[in-house]
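Notes follow the structure.
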Amino acid sequence: MYKPSTLLPKKVLILGASSAIAVATARKLAATGASFHLVGRSEAKLLAIACDLETRGAGAVSIHIMNLDYTPAHGEMLEIAVKRLGHIDFALIAHGVLGDQQKAQADYDRAERILLTNFLSPVSLSTWLANYFEGREAGSLGVISSVAGDRGRKSNYIYGTSKGALNIFLDGLRNRVDRRGVQVLTIRPGFVATPMTAHLKQGPLFAHPNQIADGILHAVAFRKDIVYLPPIWRPIMFLIRSIPESIFKRMNM
Ligand SMILES: NC(=O)c1ccc[n+]([C@@H]2O[C@H](COP(=O)([O-])OP(=O)(O)OC[C@H]3O[C@@H](n4cnc5c(N)ncnc54)[C@H](OP(=O)(O)O)[C@@H]3O)[C@@H](O)[C@H]2O)c1
16 MYKPSTLLPK
26 KVLILGASSA
36 IAVATARKLA
46 ATGASFHLVG
56 RSEAKLLAIA
66 CDLETRGAGA
76 VSIHIMNLDY
86 TPAHGEMLEI
96 AVKRLGHIDF
106 ALIAHGVLGD
116 QQKAQADYDR
126 AERILLTNFL
136 SPVSLSTWLA
146 NYFEGREAGS
156 LGVISSVAGD
166 RGRKSNYIYG
176 TSKGALNIFL
186 DGLRNRVDRR
196 GVQVLTIRPG
206 FVATPMTAHL
216 KQGPLFAHPN
226 QIADGILHAV
236 AFRKDIVYLP
246 PIWRPIMFLI
256 RSIPESIFKR
266 MNM
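Position in the sequence shown (from 1) plus 15 gives the number in this note's numbering.
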């Protein structure tokens with residue numbers, strides 16, 4: 016049976032801690048007394064989140080302000096995180112940008128910036144963290160990818176590429192470190208009602224961040240590998256991937 020207080024991590028690092036999905040996840044962990052190190056680029060947002068988590072029962076909460084696109088500073092930032100927490104049980108990589116597909120398909124510099132934030136930055140962080148967890152022969156790395164990475168579509172293939180490439184990287188990383196006691200969890204949400212999607216018309220497939228947070232924590236507790244959230248997205252994406260390319264290329268998706 017699922018007993019959150021016994022199966023859930025106690026020392027938690029969150030990269031992109033102002034993400035609505037990350038905040039929902041952190042709140043649930045705070046209620047079990049977890050301690051946090053929060054990393055993000057807005058001091059005002061992180062201070063407010065830290066205060067909120069403490070009110071909800073968190074242990075110690077520390078913050079670190081940085082733009083996670085700056086990969087050369089990742090190592091130093093992560094060493095500080097370990098010092099603040101003592102050790103890390105669970106690291107959640109949550110930052111990301113949707114980007115503007117129309118602009119990115121016309122201008123490579125914009126495409127590159129999306130790939131940097133959504134792919135290269137998580138690759139840099141995951142590399143350091145997986146090596147850290149491997150040294151401890153313990154730990155869980157959760158990375159928020161997307162169902163958009165399952166198949167390229169004309170309406171968002173730059174974002175989709177960043178997440179699809181990330182999925183393949185995480186598959187390989189898991190294959191390397193699983194036998195060393197390290198969990199690598201690929202989190203593939205569908206549509207979630209957060210600031211990232213606030214400009215989109217919300218249909219019945221939109222989930223609340225709390226639903227995604229529950230799914231993430233369940234997957235961490237049971238050491239899952241790849242989780243579609245909500246789970247209905249697994250059969251949906253199976254169907255979408257099954258459409259022959261000769262038909263798919265003429266569809267408007
Ligand atoms: N919402 C969806 O429908 C959906 C679906 C599938 C996957 N996802 C993924 O879920 C993750 C979380 O997104 P969300 O839905 O929770 O949206 P969100 O609330 O808009 O969160 C995005 C977060 O990314 C942070 N961020 C962006 N670029 C950054 C950078 N260079 N350095 C540091 N932080 C940066 C933002 O920081 P600021 O607060 O400073 O702007 C914000 O905290 C993303 O990886 C996203 O791709 C979302």
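Glycine included, each C-beta is placed from N, C-alpha and C at the ideal position.
None of these values were measured; they are calculated from a predicted model.
Annotation for residue 57: no beta strand (DSSP E) segment contains it, and DSSP assigns it neither H nor E.
The criterion of a C-beta distance shorter than 8 Å is not satisfied by residue 156 and residue 97. With 16 or more neighbouring CB atoms inside 10 Å of its own CB, residue 203 falls in the buried class. Annotation: residue 149 to residue 235 spans about 17 Å, alpha carbon to alpha carbon. Note on geometry: alpha-carbon atoms of residue 72 and residue 239 lie some 27 Å from one another. Residue 115 holds the alpha-carbon nearest to the alpha-carbon of residue 214 among 115, 34, 154 and 38. Remark: the shortest separation between the CB of residue 56 and any heavy atom of ligand 1 falls under 7 Å. Residue pairing of residue 222 in beta bridges, as defined by DSSP: 207. DSSP, reduced to helix, strand and coil, places residue 197 outside both helices and strands of the structure shown, so it counts as coil. Using a C-beta cut-off of 8 Å, the stretch 153-167 makes contact with the stretch 243-257, since at least three inter-stretch Cβ pairs fall below that distance. Using a 10 angstroms sphere on the CB of residue 247, the tally of other CB atoms stays under 16, which defines it as exposed. Taking 8 Å as the cut-off, the Cβ atoms of residue 141 and residue 84 do not count as close.
The Cβ-Cβ distance between residue 184 and residue 112 does not fall below 8 Å. Close CB contacts of residue 221 within its chain, under the 6 Å cut and outside five residues either way in sequence, are with 206 and 208 (chain order).
For residue 156, the secondary structure class from DSSP, reduced to helix, strand or coil, is strand. Pairing residue 192 with residue 145 gives a Cβ-Cβ distance under 8 Å. For residue 83, the CB falls within less than 7 Å of some heavy atom of ligand 1.
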